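Worksheet: one structure, shown below.
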Amino acid sequence: MWRLSDLRRPYVSLGLNHRSLVEYDIARWHLACAEGLAGSENLDVDRVLRQIDQWTEIVRQTTEDNFWKYEAYRDFYNHSEPYFRILHLVSTLWTKCDLIYMPQWRNLSPDDKKASAGFLADSRDGFLHGITNGPGGTCGTIPFLVVSIGRRLGYPLYIVKAMSHLFARWSDPFGRWKGVSRGFEPQPYILNIEATNGGLHTPPDSEYFDWPKPLRPELVYAGAYMKPLMPPEEISESLMARSVCLRQNGHLHDAEKTLTWAVELAPHNPLRRAHLEKIRSESSREAYSPFTSNGVAIDA
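Under our numbering, the letters of the sequence shown match residues 13 to 312, in that order.
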């Protein structure tokens, strides 16, 4: 099994590139980044992966059983097989797989979570085992679940980062994904996927540019926000969650080391570099205070 220590190897030697989504399991790498954290003491990665595989088969069967609805009511599904499939993926997770949003964070805004000294002190707030054998999911974990299952089904799904928020995206800009419905013609298709509120919401990009705070254009242009993350960037995002958990528990040196790996995997991302400089400054002072809105922000 891949372990966190393997990040010391260059990501190219790990087979991470733009064409490796079939071999690369986002869930396994994501969970490896939770190794040894508070809340991960009893983490059994293989067990979590088996649960995700089981849910994938439930989604697959439900989608196949209901495919006649797409053929019969195409108007309802916007004449889009990808939309039909994502709708059934998300609804099945909530209705048949008992997905819930973590109750203690359910009604808090991203800023409220950042202001809480408790958010991400427990790794289950930021990693998939919080869904499979914990209190529920968050906006940082449910997108990883959706993408993990979608890729197992052959869908071109990606993680996308907004301000203090993650979401999933069906990203097929060149129309390479091939459906199975009669008369389906591959065509470019992009769909933002929000699955954290009990069902499917598909907001346009514009909705994220002002929520929860306006995005800085230079960070969007630099690729820090609103782009599909490639495998190294996905791991970098998981390492960011790891570093926050370490810092919340007072482990500044380990948080700094983790952020160093995160920067190496996403060297173009100015947010990663900014967080690393902040944590280095704290480490040099040997100072610690919980992540709050008055300290180092969890996310810029």
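Yeah, the Cβ is synthetic: ideal placement off N, Cα and C, and Gly gets one too. Since this is a predicted model, take the numbers as computed values, not measurements.
Since residue i contacts residue j with CB under 8 Å, what's their CB separation in whole angstroms?
i: Trp41; j: Ser183; result: Not confirmed; about 19 Å, so no contact.
i: Ile38; j: Arg188; result: About 19 Å separates the two Cβ atoms, so there is no contact after all.
i: Ser293; j: Ala274; result: Going by Cβ atoms, the distance from Ser293 to Ala274 rounds to 17 Å, so no, they are not a contact pair.
i: Phe9; j: Trp117; result: Any property of residue 9 remains undetermined from this structure, which presents the chain solely from 13 to 312.
i: Met175; j: Leu227; result: 6 Å
i: Glu93; j: Phe186; result: Actually they do not touch by this definition, with Cβ atoms about 17 Å apart.
i: Glu245; j: Leu277; result: 7 Å
Helix, strand or coil for residue i per DSSP?
i: Lys269; result: helix
i: Val172; result: strand
i: Pro115; result: helix
i: Tyr220; result: helix
i: Ser183; result: strand
i: Leu99; result: helix
i: Leu283; result: helix
i: His213; result: strand
i: Pro226; result: coil
i: Leu203; result: strand
i: Gly166; result: coil
i: Asn240; result: Looking at the sequence provided, one finds Pro at residue 240 rather than Asn. It is a strand residue.
Quick one: what's got a C-beta closer than 7 Å to residue i's C-beta in the same chain, skipping five residues either side?
i: Ser295; result: Leu264, His265, Glu268
i: Asn78; result: His100
i: Cys109; result: Trp67, Ile70
i: Arg136; result: Gly51, Gly142, Gly146, Pro147
i: Thr270; result: Leu251, Arg254, Ser255, Leu258
Quick check: does the Cβ of residue i come within less than 7 Å of any heavy atom belonging to the ligand COA?
i: Phe96; result: The ligand COA is not part of this structure, which contains no ligands at all.
Between the options, which lies nearest to residue i when the distance is taken from Cα to Cα?
i: Val102; options: Gly210, Glu83, Arg59, Leu241; result: Gly210
i: Ser52; options: Arg254, Asn90, Cys109, Pro215; result: Arg254
i: Gly146; options: Gly191, Ser218, Phe96, Asp56; result: Asp56
i: Leu212; options: Leu227, Phe179, Phe186; result: Phe179
i: Thr272; options: Ser218, Arg259, Leu288; result: Leu288
i: His141; options: Lys190, Ala286, Asp58, Asn261; result: Asp58
i: Leu61; options: Thr75, Thr74, Ala44; result: Ala44
i: Gly262; options: Glu219, Ala133, Glu76; result: Ala133
Confirm, please, whether the CB-CB distance from residue j to residue i is below 8 Å.
i: Pro240; j: Tyr167; result: no
i: Tyr95; j: Thr208; result: no
i: Leu203; j: Val71; result: no
i: Ile143; j: Gly149; result: yes
i: Ile64; j: Ile161; result: yes
i: Val172; j: Met238; result: yes
i: Pro282; j: Ala234; result: yes
i: Pro198; j: Lys190; result: yes
i: Glu83; j: Ser218; result: no
i: Thr75; j: Arg97; result: yes
Can you give me the Cβ contacts of residue i inside the same chain, cut-off strictly under 8 Å, excluding the 5 residues immediately before and after it?
i: Pro216; result: Asn204
i: Val159; result: Ile38, Leu169, Tyr170, Ile171, Ala180
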